[in-house]
Amino acid sequence: MAVPAAAPKTNRIGLTVVEYKGGKTTLCAGCGHNAISERILEAYFDLGIQPEKVAKFSGIGCSSKSPAYFMSRSHSFNAVHGRMPSVATGALLANKALRAIGVSGDGDSASIGIGQFVHLMRRNLPMTYVIENNGVYGLTKGQFSATADPGSTLKTGAVNDLPAIDTCALAIQLGATFVGRSFSGDKKQLSAMLRAAIVHRGIALLDVISPCVTFNDHEGSTKSYSYVKEHDEPLQDLLFVPAFEDISVEYDPGSTIDVTMHDGSRLRLKKLEETYDPTDRATALARLMEASEKESVLTGVLFVDPKAADFLTRLGTVDEPLSTLPGERVRPPPSALDAINASFR
Ligand SMILES: Cc1ncc(C[n+]2csc(CCOP(=O)(O)OP(=O)(O)O)c2C)c(N)n1
Ligand code: SF4
Ligand SMILES: [Mg+2]
Numbered sequence: 047m048a049v050p051a052a053a054p055k056t057n058r059i060g061l062t063v064v065e066y067k068g069g070k071t072t073l074c075a076g077c078g079h080n081a082i083s084e085r086i087l088e089a090y091f092d093l094g095i096q097p098e099k100v101a102k103f104s105g106i107g108c109s110s111k112s113p114a115y116f117m118s119r120s121h122s123f124n125a126v127h128g129r130m131p132s133v134a135t136g137a138l139l140a141n142k143a144l145r146a147i148g149v150s151g152d153g154d155s156a157s158i159g160i161g162q163f164v165h166l167m168r169r170n171l172p173m174t175y176v177i178e179n180n181g182v183y184g185l186t187k188g189q190f191s192a193t194a195d196p197g198s199t200l201k202t203g204a205v206n207d208l209p210a211i212d213t214c215a216l217a218i219q220l221g222a223t224f225v226g227r228s229f230s231g232d233k234k235q236l237s238a239m240l241r242a243a244i245v246h247r248g249i250a251l252l253d254v255i256s257p258c259v260t261f262n263d264h265e266g267s268t269k270s271y272s273y274v275k276e277h278d279e280p281l282q283d284l285l286f287v288p289a290f291e292d293i294s295v296e297y298d299p300g301s302t303i304d305v306t307m308h309d310g311s312r313l314r315l316k317k318l319e320e321t322y323d324p325t326d327r328a329t330a331l332a333r334l335m336e337a338s339e340k341e342s343v344l345t346g347v348l349f350v351d352p353k354a355a356d357f358l359t360r361l362g363t364v365d366e367p368l369s370t371l372p373g374e375r376v377r378p379p380p381s382a383l384d385a386i387n388a389s390f391r
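Take a look at the structure:
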């Protein structure tokens, strides 16, 4: 007699991982961006978040095409190049119940979109913001982007002689409240970091080195698979425990930092560096500069502040999403205008 197939695993809201999938990727085989899409959909599945409550945002680039390849059931908006932050800000102001994720590229965020990027970081909008960082404009055939390291070369032999913009350092300096760096090839670190970023109530910037196999994976590149594997300097071993799971693992406070997130989830950071304190902006900035001088790729949670008020909380809007309020609650009656006018007489 045939053995019945085991039922597929469901999450806490009864969905299978297939229900978090998107369209078939059109990116190159081996592109780091594809691995990141997989980690993102797994993170939402693991957290048991309803896909229809998620809004995906992006700009233009191979990276910005990625939201089409995960969570087809979610809302999605593909904005103009570099202009995703203002679209996401508007959407969240209209509907604060949405859980937002932005996927951008190093060109989209650090070149054409830098003006919008910096304001998003200082506003602390509650959203996950992933930069799929390959050091080039992949979609337009591999020109250097603003995150390319000085001295790195293109396949043609052209040398980049300009300094790199470090989006993590910029975000930390500007007041972002969750900043991490990871690598598309590090499944364990990226998964834990994404899940923590998704539950964080504020802007969570993740700069994920994501090699472009077609234009920037050669010797001379500092964003290739082999370079990142050789120069990766992880700050911590990350363990994420969601609020709905029991945290029973013993830990030694001397070697581990336990961060309680807004929703009660725990991010456990097992220190690989004795002195690193991820709640101190100045330390984070100093370590990033030091790593850049040593030509190492510092990965892990660089900075976290789960208590700072996010943009929507600071605005003090009503609890219900503005988009669902009836007209009489968003529009004052004519008598209110009459009273204001009367007060000037
Ligand atoms: C206003 C505007 N300027 C220029 C372009 C051309 N363009 C398309 S994608 C891109 C850069 C994409 O680079 P990145 O954001 O790093 O994404 P990647 O393809 O590397 O993932 C550029 C310059 C455009 N589409 N729109
Ligand atoms: S060109 Fe580069 S960034 Fe674009 S899909 Fe191919 S490997 Fe990825
Ligand atoms: Mg790029």
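Start counting at 1 in the sequence shown, then tack on 46, and there's your number in this note's numbering. For each residue, glycine too, the CB sits at the ideal point set by N, CA and C. Quick caveat, the model's predicted, so the values are computed rather than measured.
Linking residue 215 to residue 93 through their CA atoms gives a straight-line distance of about 29 Å. At a cut-off of 7 Å, the beta-carbon of residue 152 counts as near ligand 3: some heavy atom of the ligand is closer than that. Distances between the C-beta of residue 61 and the heavy atoms of ligand 1 are all 7 Å or more. In this structure, the alpha-carbon of residue 101 lies about 18 Å from that of residue 178. DSSP places residue 139 inside the alpha helix (DSSP H), whose first and last residues are 130-140. Annotation for residue 306: the continuous beta strand (DSSP E) segment containing it runs 302-306.
Excluding residues up to 5 positions away in sequence, 170, 172, 247 and 248 lie with their Cβ nearer than 6 Å to the Cβ of residue 356 in the same chain. Approximately 21 Å separates the beta-carbon atoms of residue 185 and residue 85; this is outside 8 Å, ruling out the contact. Distance between residue 384 and residue 348, taken at the CA atoms: about 54 Å. The residues 229, 255 and 343, in chain order, have a CB closer than 6 Å to that of residue 274 in the same chain once the five nearest residues on each side in sequence are set aside.
CA-to-CA, the gap between residue 143 and residue 80 works out to about 28 Å. Residue 352 and residue 308 do touch by the CB rule: their CB atoms are close to 5 Å apart, below 8 Å. Around residue 123, the same chain offers 103 and 133 as residues with beta carbons nearer than 6 Å, after the five sequence neighbours per side are excluded. Not one heavy atom of ligand 2 falls within 7 Å of the beta-carbon of residue 264.
Distance from the CA of residue 150 to the CA of residue 387, rounded to the nearest whole angstrom, comes to 47 Å.
Of all C-beta pairs linking the region 264-281 to the region 322-342, three or more are shorter than 8 Å, placing the two stretches in contact. Across the structure, residue 285 and residue 316 are spaced so that their CA atoms are roughly 8 Å apart. Excluding residues up to 5 positions away in sequence, 237, 240, 241 and 244 lie with their Cβ nearer than 7 Å to the Cβ of residue 89 in the same chain. Non-local C-beta neighbours of residue 113 in its own chain, meaning closer than 6 Å and more than five positions away in sequence, comprise 102, 104, 122 and 149, ordered along the chain. Measuring C-alpha to C-alpha distances from residue 209 to each of 202, 217 and 196 identifies 196 as the nearest.
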